[in-house]
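Colleague: Under the working numbering, think of the first position of the sequence shown as 230, with each following residue one higher. For glycine and all other residues, C-beta sits at the position ideal for the given N, C-alpha and C.
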Amino acid sequence: MDTEALNAIAAELRRIADAKSPQQLLGFGPAPKTQVYVFCNRKHGGIWYTLNEQSQPVNIEHPALTGYIRKLEFKETIRRNEKSHKLHCYVEADRLYVLESSATAQFSKGLLNAISLLSAQELQQPLTIHPQASTENAEVLFCNVYQGDRQVFAPYDDQTDWKRVSRVAIDAVKAANEE
230 MDTEALNAIA AELRRIADAK SPQQLLGFGP APKTQVYVFC NRKHGGIWYT LNEQSQPVNI
290 EHPALTGYIR KLEFKETIRR NEKSHKLHCY VEADRLYVLE SSATAQFSKG LLNAISLLSA
350 QELQQPLTIH PQASTENAEV LFCNVYQGDR QVFAPYDDQT DWKRVSRVAI DAVKAANEE
């Protein structure tokens with residue numbers, strides 16, 4: 230091949246790459262979203278939702294989220310003039326998602342318990358988080374966690390030491406992201 234043909238191929242590849250990459254608009258506009266908060270509860274008719282620009286809930290129709298768990302933390306928040314404790318699970322996927330659930334909710338318990346059973350090496354692989362609505366209680370949301378197509382079996386009961394489970398899960402996620 231001659232130089233002219235190679236230059237034509239290179240120019241065409243650049244044109245294709247430019248067409249596929251999003252164009253940044255110049256001038257005033259919205260700030261890019263660096264992370265998206267996802268609220269994991271059944272308050273608005275779905276299993277999880279985000280808030281739009283007017284702070285109105287928008288249900289997420291997708292049944293699962295697959296990505297890398299980057300951080301787990303508990304936050305004290307004030308909602309409707311009341312203090313509450315929330316679990317924040319940071320999931321890196323097509324963007325960074327922050328899954329928020331009440332620290333004592335079944336969703337949080339299922340997520341924490343499943344993560345606490347995984348090694349740091351296993352947590353370096355993508356996991357799929359799948360909220361599941363209870364068929365017995367309209368307010369309860371469970372959390373299933375999958376490695377590939379294998380569900381992480383993580384039963385718990387009233388005797389589960391949640392402080393220990395939380396510490397193990399948080400430490401495992403930290404270790405996975407330091408390696």
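Which class does F268 belong to by DSSP, given the choice of helix, strand or coil?
Modeller: Of the three classes helix, strand and coil, the one that applies to F268 here is strand, per DSSP.
Colleague: Name the two residues that bound the continuous beta strand (DSSP E) containing V320.
Modeller: Counting along the chain, the beta strand (DSSP E) containing V320 begins and ends at 311 to 321.
Colleague: Classify Q354 as helix, strand or coil using the three-state DSSP reduction.
Modeller: It is coil, neither helix nor strand.
Colleague: Distance, Cα to Cα, I344 vs N288?
Modeller: Cα to Cα, I344 sits roughly 25 Å from N288.
Colleague: Just confirm the distance between the C-beta atoms of A405 and L346, as a whole number of angstroms; I'd bet it's less than 8 Å.
Modeller: 13 Å between Cβ atoms; not a contact.
Colleague: How long is the line joining the alpha carbons of L340 and I245, rounded to whole angstroms?
Modeller: Looking at the two C-alpha atoms, the distance is approximately 41 Å.
Colleague: Can you grab the Cα-Cα spacing for the pair L301 / T295, in whole Å?
Modeller: The straight-line gap from Cα to Cα measures roughly 16 Å.
Colleague: Would you decide whether Y326 is buried or exposed? Buried here means 16 or more other CB atoms lie within 10 Å of its CB.
Modeller: Y326 is buried by the Cβ-count criterion.
Colleague: Hey, would you say L356 sits closer than 9 Å to A334, going by beta carbons?
Modeller: No, Cβ-Cβ distance for L356 and A334 is not below 9 Å.
Colleague: K262: which of N270, G274, T279 sits nearest, CA to CA?
Modeller: Ranking N270, G274, T279 by Cα distance to K262 puts T279 first.
Colleague: Kindly give me the distance between the Cβ atoms of V265 and I298, rounded to whole angstroms, as I take these residues to be in contact under 8 Å.
Modeller: So it is not a contact: roughly 16 Å between Cβ atoms.
Colleague: Taking V374 as the reference, give the member of Q350, N342, Q353, Y385 with the closest Cα.
Modeller: Cα-wise, what sits closest to V374 is N342.
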